[in-house]
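Visitor: Chains as they are written, first to last, in numbering that gives the first Met the number 0: chain A, 0 to 46; chain B, 0 to 223; chain C, 0 to 233.
Ideal placement from N, C-alpha and C gives every residue a C-beta, glycine not left out.
Small disclaimer: the values here were computed from a predicted structure and weren't measured.
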Amino acid sequence: MSTPDTFFYFYLGFSVVLGAMILYVISLFLRWRHLKQEERHLSEPKD
Amino acid sequence: MSSFTRTLFAITWKDLAAEWRSREILSATLVFSILVIFIYNFALDLEVTLQSDLAAGILWITFVFTGTLGLNRSMAMEKDRGGLDGLLLAPVDRSAIFFGKMVANLVIMWVVAVIVVPIFSLLYSIDLIQPGVGLVILLGSVGYTEVGTLLAAMAVQARTRDMLLPILLFPVALPLLVAAVKATAAFLAPSVVNSVAPWLDLLIAYDVIFLVVAWLVFDFVVEE
Amino acid sequence: MNKTPRLLLALDVLAAAGMLTTIGLVFLYAPIERVMGAVQKVFYFHVASAWIGMVGFLVAAAVGVLYLLRRKPILDVAGHAAVEIGLVFSVIAVLAGMTWARPVWNTWWTWDPRLTTAAIMVLVYAAYLILRSGIDDPEQRARFAAVYAIVGAVSVPLTFFSIRLFRTIHPVLFGGDTSSSLSDFSTDPRMVLTFFVSLAAFSLLFVAIFWHRIRLGQLADRVEELKLNREEQQ
Numbered sequence: 000m001s002t003p004d005t006f007f008y009f010y011l012g013f014s015v016v017l018g019a020m021i022l023y024v025i026s027l028f029l030r031w032r033h034l035k036q037e038e039r040h041l042s043e044p045k046d
Numbered sequence: 000m001s002s003f004t005r006t007l008f009a010i011t012w013k014d015l016a017a018e019w020r021s022r023e024i025l026s027a028t029l030v031f032s033i034l035v036i037f038i039y040n041f042a043l044d045l046e047v048t049l050q051s052d053l054a055a056g057i058l059w060i061t062f063v064f065t066g067t068l069g070l071n072r073s074m075a076m077e078k079d080r081g082g083l084d085g086l087l088l089a090p091v092d093r094s095a096i097f098f099g100k101m102v103a104n105l106v107i108m109w110v111v112a113v114i115v116v117p118i119f120s121l122l123y124s125i126d127l128i129q130p131g132v133g134l135v136i137l138l139g140s141v142g143y144t145e146v147g148t149l150l151a152a153m154a155v156q157a158r159t160r161d162m163l164l165p166i167l168l169f170p171v172a173l174p175l176l177v178a179a180v181k182a183t184a185a186f187l188a189p190s191v192v193n194s195v196a197p198w199l200d201l202l203i204a205y206d207v208i209f210l211v212v213a214w215l216v217f218d219f220v221v222e223e
Numbered sequence: 000m001n002k003t004p005r006l007l008l009a010l011d012v013l014a015a016a017g018m019l020t021t022i023g024l025v026f027l028y029a030p031i032e033r034v035m036g037a038v039q040k041v042f043y044f045h046v047a048s049a050w051i052g053m054v055g056f057l058v059a060a061a062v063g064v065l066y067l068l069r070r071k072p073i074l075d076v077a078g079h080a081a082v083e084i085g086l087v088f089s090v091i092a093v094l095a096g097m098t099w100a101r102p103v104w105n106t107w108w109t110w111d112p113r114l115t116t117a118a119i120m121v122l123v124y125a126a127y128l129i130l131r132s133g134i135d136d137p138e139q140r141a142r143f144a145a146v147y148a149i150v151g152a153v154s155v156p157l158t159f160f161s162i163r164l165f166r167t168i169h170p171v172l173f174g175g176d177t178s179s180s181l182s183d184f185s186t187d188p189r190m191v192l193t194f195f196v197s198l199a200a201f202s203l204l205f206v207a208i209f210w211h212r213i214r215l216g217q218l219a220d221r222v223e224e225l226k227l228n229r230e231e232q233q
């Protein structure tokens, strides 16, 4: 019995794993940037 | 009788007496459980004679949903009346309060079970009134109220209190549910394949483990 | 508190290197398994992700216990971070498991004990986050979150055993047992090496992301405090 060609599913699984991780790390970065902006804004003396 | 036990029973008695006067929780949960049984009949297009696996599953789903209702109401009433604050001021062991409420919830669950199980047996021509099934209901309801009372005490403090208890409780109560359903089915249709022992072991393990966890942790939940 | 500490930057580089090495090994070094073909390689990512998912739980529970005893705010931030990261990796593990199941058993889902337990872990994690979002008082929120992390972590092994027991008594008729498909695994050293490298790389990645996420949580708390101060002044 020859080895089945399941490369498609391997690439799919790999993309999902890598994609999800990258998306999460990007989300962390974006949230950090947003909070930094807010911190700056809130730290300014009230006018 | 130690002060711990006295406090425990005092709280159980207080809750049950209050419930007996109004019968709010009891009537709501009874009606709800019968409704659930009926809904399952029509949703699944069930035949008159139910197979034991299916019967066990539906019975426990009914208990799980009904139990959530009862737990929620019991805690909500306590909070809204400010009863919990009063209890916390008293110089009693906090875990006695937990166990007191837990036993009260348990008794209510049993009363519902005693009424619902015969009705279920009648509607589906399956004899659920057996000691084995009774044992499983006992063990299952203990575990469920242990975790349920603890989580209800937290859920009731949240803004989303009604939806939150099932969300918190169901994933954590899953092993209990699996074991209870399989044990019930095994008692209803005993065979070499359907052994009851491992499921009972799991139920007992769950009950003991969460008894300890709840006892250790409840103080932190009702802290001021 | 603005500049990323150098140790963390170094950790980031190490974690990235680890991931690249793992990817390289999986693509180029690990052999193709006979029975299932290339899709078996998803296993290296699936198991490592699931492992991190579980680590998240353990860390959240441990930190929860510490919080209840010590009440340091950083412990609450750490607990929240551990759950969030654990959730992401558990979801990744479930999705990877699904892409594995599809060609092998011709179904997107199998009620295999490990896959099912991973899905339930996702539900418990999500419940934790929903609990946090429902409580406004920060101190109460931290306390309740710690309690639920402990309850959740205790329930996961029980869930696993219950489902495994369920499966041994009722073997899956249409699907298969995922463990039986790893027959080549113990004998081929290349697979073993790739597996352990992936485990190490993911663990390193977890530590790096965890640290970053804690810093993010602390920043969020600071912003929250600034907002409250603003409101009080007005």
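(1) Of the choices W99(C), L19(C), F42(C), R69(C), whose alpha-carbon is the least far from that of V191(C)?
(2) Please state whether DSSP places E32(C) in a helix, a strand or coil.
(3) Which chain C residues sit within Cβ distance under 9 Å of Q156(B)?
(4) Is the CB of V82(C) under 8 Å away from at least one CB in chain B?
(5) How would you label R32(A), buried or exposed, when you count the other beta carbons within 10 angstroms and need 16 or more for buried?
(6) To the nearest angstrom, how far is it from the Cα of L86(B) to the Cα of I96(B)?
(7) Please identify, using Cβ separations under 7 Å, the residues of the segment 5-34 of chain C that lie next to chain A, in order along the chain.
(8) How about G81(B) and N104(B): are their beta carbons less than 8 Å apart?
(9) What residue from M76(B), P130(B), A54(B), A27(B) has the CA that sits closest to G66(B)'s CA?
(10) With 8 Å as the threshold, decide whether the Cβ of A37(C) is near any Cβ in chain A.
(11) I need the boundaries of the alpha helix (DSSP H) containing Q217(C), first residue and last residue.
(12) Does the structure place the segment 210-226 of chain C close enough to the segment 60-67 of chain C that three or more beta carbon pairs sit under 8 Å?
(13) Roughly how many angstroms separate the alpha carbons of A141(C) and G52(C), rounded to a whole number?
(14) Consider the Cβ of I213(C): report whether some Cβ of chain A lies at a distance smaller than 8 Å.
(15) Express the C-alpha separation of F8(B) and D84(B) in angstroms, rounding to a whole number.
(16) For a contact meaning CB atoms closer than 8 Å, what does H56(C) contact in chain A?
(17) Closer than 7 Å, Cβ to any Cβ of chain C: which residues of the segment 152-178 of chain B, in chain order?
(18) Does the segment 116-123 of chain C come close enough to the segment 23-31 of chain C that 3 or more CB-CB pairs lie under 8 Å?
(19) What in chain B is Cβ-close to V76(C), meaning under 9 Å?
(20) By DSSP, does D52(B) sit in helix, in strand, or in coil?
(21) Quick one: grab the DSSP three-state call for N71(B).
(22) Shortest alpha-carbon distance to A17(B) belongs to which of A213(B), L134(B), F209(B), I107(B)?
(23) Around the C-beta of G99(B), are 16 or more other C-beta atoms found within 10 angstroms, so that it is buried, or is it exposed?
(24) DSSP three-state label for I203(B), please.
(25) Whole angstroms are fine: how far does the CA of I162(C) sit from the CA of E231(C)?
(26) Against chain B, which members of the segment 86-99 of chain C pass a CB distance test of less than 7 Å?
(27) Any chance the segment 5-25 of chain A sits against the segment 82-96 of chain C, with 3 or more Cβ pairs inside 8 Å?
(28) For a cutoff of 8 Å on Cβ pairs, would you count S48(C) as touching chain A?
(29) Drop a sphere of 10 angstroms on the beta-carbon of V220(B), count the other beta-carbons inside from all chains shown, and report buried for 16 or more, exposed for fewer.
(30) I want to verify the contact list: residues of chain E whose CB lies under 9 Å from the CB of A126(C), in sequence order.
(31) Starting from the Cα of V58(C), find the closest Cα among A200(C), V76(C), R70(C) and give me that residue.
(32) Pull out every residue of the segment 153-165 of chain C whose Cβ sits closer than 8 Å to any Cβ of chain B, in chain order.
(33) According to DSSP, simplified to helix, strand and coil, what is G18(A)?
(34) So, is F233(B) buried or exposed, given that buried needs 16 or more other C-beta atoms within 10 angstroms?
(35) Return the residues of the segment 198-216 of chain B that lie within a Cβ-Cβ distance of less than 8 Å from chain C, sorted by chain order.
(36) Just confirm the distance between the C-beta atoms of W108(C) and A117(C), as a whole number of angstroms; I'd bet it's less than 8 Å.
Guide: Checking against the coordinates, here is how it stands:
(1) Working through the third sequence from its first residue, we reach residue 191(C) at position 192. Among W99(C), L19(C), F42(C), R69(C), the Cα nearest to that of V191(C) belongs to F42(C).
(2) Residue 32(C) sits at position 33 when you count from the first residue of the third sequence. Look at E32(C) here: in three-state DSSP terms it is strand.
(3) Against the second sequence, residue 156(B) aligns to sequence position 157. G133, I134, D136, Q139, F143, listed in chain order.
(4) In the third sequence, the residue the question calls residue 82(C) occupies position 83. It does not: the Cβ of V82(C) has no partner Cβ on chain B nearer than 8 Å.
(5) Walking along the first sequence from the start, residue 32(A) turns up at place 33. The residue in question, R32(A), is exposed, as its Cβ has fewer than 16 Cβ neighbours within 10 Å.
(6) Residue mapping note: residue 86(B) aligns to position 87 of the second sequence, counting from 1. Residue mapping note: residue 96(B) aligns to position 97 of the second sequence, counting from 1. It is roughly 8 Å from the alpha-carbon of L86(B) to the alpha-carbon of I96(B).
(7) If the cut-off is 7 Å between Cβ atoms, the segment 5-34 of chain C has I31, R33 near chain A.
(8) Locating residue 81(B) in the second sequence gives position 82, counting from the first residue. Locating residue 104(B) in the second sequence gives position 105, counting from the first residue. No.
(9) Here residue 66(B) corresponds to residue number 67 of the second sequence, with the count starting at 1. Comparing Cα positions, the closest option is A27(B).
(10) Here residue 37(C) corresponds to residue number 38 of the third sequence, with the count starting at 1. Yes, its Cβ sits closer than 8 Å to a Cβ of chain A.
(11) Sequence index remark: in the third sequence, residue 217(C) carries index 218 (1-based). Residues 188-232.
(12) no
(13) If you number the third sequence from 1, residue 141(C) lands on position 142. If you number the third sequence from 1, residue 52(C) lands on position 53. Their Cα atoms are separated by approximately 21 Å.
(14) Taking the third sequence and counting its residues from 1, the one referred to as residue 213(C) is at position 214. With 8 Å as the cut-off, I213(C) does not count as an interface residue toward chain A.
(15) As a working note, residue 84(B) is residue 85 in the second sequence. As a working note, residue 8(B) is residue 9 in the second sequence. D84(B) and F8(B): Cα-Cα distance of roughly 18 Å.
(16) Within the third sequence, residue 56(C) is the residue found at index 57, counting from 1. The sequence shown places Phe at residue 56(C), rather than the His named in the question. Result: empty, since nearest Cβ-Cβ is about 17 Å, beyond 8 Å.
(17) M153, Q156, A157, R158, T159, L163, I166, L167, P170, V171, L173, P174, V177, A178
(18) Two segments are said to touch when three or more pairs of C-beta atoms, one from each, lie closer than 8 Å; by this definition the segment 23-31 of chain C does not touch the segment 116-123 of chain C.
(19) In the third sequence, counting from the first residue as 1, residue 76(C) sits at position 77. The contacting residues do not exist; V76(C) stays about 18 Å from chain B at best.
(20) For the purposes of this step, residue 52(B) is taken as residue 53 along the second sequence, with counting starting at 1. If DSSP states are grouped into helix, strand and coil, D52(B) belongs with the helices.
(21) If you number the second sequence from 1, residue 71(B) lands on position 72. Helix at N71(B).
(22) Here residue 17(B) refers to the residue found at position 18 when the second sequence is read from its first residue. Out of A213(B), L134(B), F209(B), I107(B), I107(B) has the C-alpha closest to the C-alpha of A17(B).
(23) For the purposes of this step, residue 99(B) is taken as the residue at position 100 of the second sequence. Looking at its Cβ environment, which holds 16 or more other Cβ atoms inside 10 Å, G99(B) is buried.
(24) Counting from one through the second sequence, the residue named residue 203(B) turns up at place 204. It is helical.
(25) Residue numbering aside, residue 231(C) sits at position 232 when the third sequence is read from its first letter. Residue numbering aside, residue 162(C) sits at position 163 when the third sequence is read from its first letter. Taking the straight line joining both Cα atoms gives about 52 Å.
(26) none
(27) yes
(28) Working through the third sequence from its first residue, we reach residue 48(C) at position 49. So, interface residue.
(29) As a position in the second sequence, residue 220(B) is number 221, starting the count at 1. Buried, because 16 or more other Cβ atoms sit within 10 Å of the Cβ of V220(B).
(30) Here chain E cannot be found, since the structure's protein chains are A, B and C.
(31) In the third sequence, counting from the first residue as 1, residue 58(C) sits at position 59. Selected option, being the one with the closest Cα: V76(C).
(32) V153, S154, L157, T158, F160, S161, I162, L164, F165
(33) Numbered from its first residue, the first sequence carries residue 18(A) at position 19. Note: G18(A) maps to helix in three-state DSSP.
(34) Given a span of 0 to 223 for chain B in the structure shown, any question on residue 233(B) remains unanswerable.
(35) W198, L201, A204, Y205, I208, F209, V212, V216
(36) Against the third sequence, residue 108(C) aligns to sequence position 109. Against the third sequence, residue 117(C) aligns to sequence position 118. Beta-carbon to beta-carbon, W108(C) and A117(C) are separated by about 12 Å, too far to satisfy the 8 Å threshold.
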